[in-house]
Structures are given as C-alpha cells and as structure tokens.
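Below is one structure, written out as structure tokens; comments come after it.
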Amino acid sequence: MRGTPCPDFEVEKTTSNYELRKYEPTAWATVQASGSYYKASSQGLAELLRYTSGANDDQESLPATKPLTLIFKADEDFSKVDENFTVAYYLAGKDEDSAPKPTDANIKLSSNT
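Here full-length UniProt numbering is used: the first residue of the sequence shown is 1, the next is one more, and so on.
In structure tokens, the structure reads:
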C-alpha cells in the first residue's frame, strides 16, 4: 500500500508486542466490536468498509487509508486483553464536519483532537 494516506504520528513507546503512537489531530470513522481480537477486527473492518464504499449520506466512496486502528485495554504483556474494541478507520482529507455521515448508526465520526 505504498503511497496510501496515513496520519502523522509520533511513536511514544515500542515493545516486542506493540507500538504506542500519538496521532496528529485527524478524523476517524469508528465502530464498536467485541469478541476475540481477530473476530472484532474482522467485524469492525467489514462495517467500516461498507461505510467507505458508499454506505453514507453522500454515497461517496472514500480512499483506502492506513492504519486500521484497534483501541482496547490489555495488561503490559498482553496476557489479558479486554474483549471490547473500538475499530477506527482514518478519514484522509476530511474532518468530522466534512466527512459523509454514515447510514449505519453503529458507525460514529470522531476526532482525536
């Protein structure tokens, strides 16, 4: 996905299991998902791809972006992971007000400002 839009970020911490990033102010489409990491990420991505493929009030297709972000709680070594996830899709070139409104009430538009 060379050249795929990605928001600017700073790496705050790197471990053998993860990288903690702080993103510049950006707009995201988010959805709640639960279950295993794999199930939640797959379910969340499917819902967000419907939104970016035109399931929005403008019937607008949005460009592919990276990263697909999963927000969840876990202990330091990931031996215990909460099964409630927020799956977030970066909305390149949009802000919360200019992004098309989702037709799925489960999808929310938000900003990390």
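Glycine included, C-beta positions come from ideal geometry on N, C-alpha and C. This one's a predicted model, so the numbers in the text were calculated from it and none came from an experiment.
Measuring straight from C-alpha to C-alpha, what distance separates residue i and residue j?
{"i": "residue 21", "j": "residue 58", "result": "32 Å"}
{"i": "residue 82", "j": "residue 74", "result": "6 Å"}
{"i": "residue 65", "j": "residue 52", "result": "10 Å"}
{"i": "residue 60", "j": "residue 14", "result": "37 Å"}
{"i": "residue 92", "j": "residue 17", "result": "27 Å"}
{"i": "residue 50", "j": "residue 89", "result": "12 Å"}
{"i": "residue 26", "j": "residue 47", "result": "20 Å"}
{"i": "residue 56", "j": "residue 43", "result": "18 Å"}
{"i": "residue 54", "j": "residue 108", "result": "15 Å"}
Rounded C-beta distance between residue i and residue j? I'm assuming under 8 Å.
{"i": "residue 40", "j": "residue 102", "result": "Not a contact, Cβ separation roughly 18 Å."}
{"i": "residue 33", "j": "residue 78", "result": "At roughly 18 Å, the Cβ-Cβ gap does not stay under 8 Å, so residue 33 and residue 78 are not in contact."}
Apart from the five residues just before and just after residue i, which ones in its own chain have a Cβ nearer than 7 Å to its Cβ?
{"i": "residue 45", "result": "68 and 87"}
Go through its chain and collect everything with a Cβ distance to residue i's Cβ below 6 Å, but skip five positions before and after it.
{"i": "residue 110", "result": "28 and 30"}
{"i": "residue 12", "result": "20 and 22"}
{"i": "residue 106", "result": "31"}
Go to residue i, then tell me how far its alpha helix (DSSP H) extends in each direction, as first and last residue.
{"i": "residue 59", "result": "Element bounds for residue 59: n/a, residue is neither H nor E."}
Looking only at its chain, what residues have a beta carbon closer than 8 Å to the beta carbon of residue i, apart from the 5 residues adjacent to it on each side?
{"i": "residue 23", "result": "7, 8, 9 and 112"}
{"i": "residue 95", "result": "27 and 111"}
If I follow the unbroken beta strand (DSSP E) through residue i, where does it start and stop?
{"i": "residue 52", "result": "First-last for residue 52: 37-52, but that is the alpha helix (DSSP H), not the beta strand (DSSP E)."}
{"i": "residue 9", "result": "9-14"}
{"i": "residue 74", "result": "Segment: none, residue 74 is in no beta strand (DSSP E) and carries neither H nor E."}
{"i": "residue 110", "result": "108-111"}
{"i": "residue 84", "result": "84-90"}
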